[in-house]
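Here the protein sequences line up with chains A and V, keeping their order. Going by the working numbering, the first sequence opens with residue 6, and the numbers climb by one from there. Going by the working numbering, the second sequence opens with residue 34, and the numbers climb by one from there. Backbone N, C-alpha and C fix where the C-beta goes; we use that ideal spot for every residue, glycine too. Quantities reported herein were computed from a predicted structural model and do not represent experimental measurements.
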Amino acid sequence: MSTDSKLKESRFVALASIAAELHSVMAVAKGVSLAAKNAKYISAQAGENALGFQPITDFIDEISQQAITGVNSINEAALKLSKIAVYEQRSCNAYQRFNLVYTKHKNANHIKSLSDTMIRVEDKMETTSKKYKHRLNELVELLESMDECMRSAQSIASVSRIVTSSSNEYQAKLEIVANSLDEAAKFIKEKVSGSYHHLNHIKAYSNG
Amino acid sequence: MKSTKIYDNGHQWFMFGRDPEKPESIIDTNQYMIVTDERALLMDPGGIEVFAPMLGAILHHANVEHITDLFASHQDPDIISSLGLWDQALPHAKLHAPWIWESFLRHFGMENIQYVGIPDEGSEINLGTVNLKFIPAHYLHASGNYHVYDPKARILMSGDVGAALESDQSPIFVDDFEEHIPKMKMFHQRWMPSNRAKNDWIKRVRELEIDYLAPQHGRIFKGENVTKFLDWFEALEVGTAIAS
């Protein structure tokens, strides 16, 4: 198998892997959303003892919602990209075979009639390639946005710990929420980083 | 890929096959093309692996725009898995194939070519100077299956009926019928599932005037070998994978 075909193969696998990598994020993000709702209840019970923590619970919930929406968007973008890649691969496959016919049957009476077909398929390949690059950039932006979102989540987790230190008997409960947010953010960042790794395979093909 | 003109009188019939560059692990197939002044029909154009040699061989006899129609006798990969590639080469062509297989055949990739489903009772196609009949051959071997009959050339393209498993270098025509039997016996016994379907087909085909019976694998039957084949096939018990 040539290096080129290995890259092409890994492009489809890489796109599927991004979707798979982020699938587990969904459950974690939903868990954080639940924790945020729980924290809201605890801080309401704590009253004045958790005044600083109450607005933070809204941020945590917002971040978990952003993560859920982000994962859906990334999955959708990866699927669209994969479909375009298949379409591109099919045109490319046909073009390679036309080219083979053109080279091997130079002397065939009607060989010139293949030229229009080749030009048409070449145009199609160019259009598809532009679409592919556009979708690829979209996917990169979505992953960057998810990464940014998780950095914010880690900052909120740090602020939460400081705020909960003055919450007396509710401190332990609220600390659990802050820790769970921090752990979730770390986990999601790890998954995003794994997705970047797959994305590098895809980019290598696009630049190759 | 070798191309042989088997008929030339107002319109032409070509047979393509015996490709020396074909990977050894794939079965050798016969592809056929009818060319009239205005149009060309490609019959059972073959699998992905034979697409390039097939297109190359065609271009010696017709230009790309001349090929207006494709025919698939049934859905097997050696018959039509090249569909996705023909779809890129001939975006304005029509594919005539069993109606029953449309949603299955589209899995090979078909965005441009128009699917013309052949009804169970068969149909006809006019290529300008020649009228062809799509003859039902259901269960021989696929559940939706047709052959192409050209009454003017007296040729029946018989799909898998008459097929033989033999060397890629074998001659184009059956010479000694008795010697040919062992090459096709197992194929028909195993691939053809129904004695009832077989006998019904033989009864209808005996009413046609046939000079050439042209299968998708192996050799073409000519003249008296056509009748010999029909007699032999009639006597043959098929569907033998199930113990009686």
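Q) Would A:Y46 pass as a contact of A:I89 if the rule is Cβ separation under 7 Å? A) As a position in the first sequence, residue 46 of chain A is number 41, starting the count at 1. As a position in the first sequence, residue 89 of chain A is number 84, starting the count at 1. Against a cut-off of 7 Å, the Cβ pair of A:I89 and A:Y46 comes out as no contact.
Does the structure place the stretch 58–72 of chain V close enough to the stretch 235–254 of chain V that three or more beta carbon pairs sit under 8 Å? Cβ pair count under 8 Å is three or more, so yes.
query = Just the Cα atoms here: how many angstroms apart are V:E154 and V:V181?
reply = Taking the second sequence and counting its residues from 1, the one referred to as residue 154 of chain V is at position 121. Taking the second sequence and counting its residues from 1, the one referred to as residue 181 of chain V is at position 148. Each residue's alpha carbon lies about 13 Å from the other.
Review point. Relative to chain A, which residues along the stretch 102–125 of chain V have a C-beta separation below 7 Å, given in chain order?
Key: G117, L118, Q121 and A122
- Message: Alpha carbons only, please: which of A:L56, A:E53 and A:F64 is nearest the one belonging to A:I161?
- Response: Residue mapping note: residue 161 of chain A aligns to position 156 of the first sequence, counting from 1. The residue with the shortest Cα to Cα distance from A:I161 is A:F64.
Find the nearest neighbour of V:N145 within the set V:P184, V:T101 and V:F167, judged by alpha-carbon distance. As a position in the second sequence, residue 145 of chain V is number 112, starting the count at 1. Selected option, being the one with the closest Cα: V:T101.
Ignoring anything shorter than 3 residues or poking outside the stretch 232–256 of chain V, list the beta strand (DSSP E) runs there in chain order.
245–247
- Task: Work out the CA separation of V:V163 and V:P131 for me, nearest whole Å.
- Result: Locating residue 131 of chain V in the second sequence gives position 98, where the first residue counts as 1. Locating residue 163 of chain V in the second sequence gives position 130, where the first residue counts as 1. Roughly 21 Å separates the two Cα atoms.
Going by beta-carbon coordinates alone, are A:Y175 and A:A55 separated by less than 7 Å?
As a working mapping, residue 175 of chain A is identified with position 170 in the first sequence. As a working mapping, residue 55 of chain A is identified with position 50 in the first sequence. For A:Y175 and A:A55, yes; Cβs fall inside 7 Å.
Using the three-state DSSP reduction, which class does V:H140 fall into: helix, strand or coil? For this step, residue 140 of chain V is matched to residue 107 along the second sequence. DSSP places V:H140 in helix when its eight states are reduced to three.
Could I get the ranges of all uninterrupted alpha helix (DSSP H) runs contained in the stretch 46–106 of chain V, with 4 residues as the minimum, in chain order?
84–91
task: For A:A82, count neighbouring Cβ atoms within 10 angstroms of its own Cβ and tell me buried if that reaches 16, exposed if not.
output: Mapped onto the first sequence, residue 82 of chain A falls at position 77. Its Cβ being crowded by 16 or more others within 10 Å, A:A82 is buried.
**Asked** For chain V, is any of its Cβ atoms less than 7 Å away from the one on A:I89?
**Response** Start at 1 with the first residue of the first sequence, and residue 89 of chain A comes out as number 84. Chain V contact via Cβ: absent.
Hey, does V:F84 have any beta-carbon neighbour from chain A nearer than 7 Å? Taking the first residue of the second sequence as position 1, residue 84 of chain V is located at position 51. Answer yes: the Cβ-Cβ gap between V:F84 and chain A drops below 7 Å somewhere.
*Would A:S22 count as contacting chain V if we go by Cβ distances under 7 Å?*
In the first sequence, counting from the first residue as 1, residue 22 of chain A sits at position 17. Taking Cβ atoms only, chain V never reaches closer than 7 Å to A:S22, which makes this a no.
query: Nearest-angstrom Cα distance between V:N232 and V:L241?
result: For the purposes of this step, residue 232 of chain V is taken as residue 199 along the second sequence, with counting starting at 1. For the purposes of this step, residue 241 of chain V is taken as residue 208 along the second sequence, with counting starting at 1. C-alpha of V:N232 to C-alpha of V:L241: approximately 15 Å in a straight line.
**Asked** Along the stretch 66–93 of chain V, what residues have a CB closer than 7 Å to any CB found in chain A?
**Response** The stretch 66–93 of chain V vs chain A, Cβ under 7 Å: F84, A85, L88, G89, L92 and H93.
DSSP three-state assignment for A:H115, whether helix, strand or coil:
As a first step, residue 115 of chain A must be located in the first sequence, where it is residue number 110. Coil at A:H115, not helix or strand.
Item to complete: Return the residues of the stretch 136–148 of chain V that lie within a Cβ-Cβ distance of less than 8 Å from chain A, sorted by chain order.
Response: G142
Check: Of all the CB atoms in chain V, is at least one closer than 7 Å to the CB of A:S118?
Finding: Here residue 118 of chain A refers to the residue found at position 113 of the first sequence. Output row for A:S118: interface = yes.
Note to self: How far does the alpha helix (DSSP H) with V:E29 in it extend, from its first residue to its last?
What the structure shows: Limits of chain V in this structure are 34 at one end and 277 at the other, which puts residue 29 of chain V out of reach.
Query raised in the report: Is there at least one non-hydrogen atom of the ligand MG closer than 6 Å to the beta-carbon of V:M190?
Result: Among the ligands in the structure shown, none appear at all, so the ligand MG cannot be discussed.
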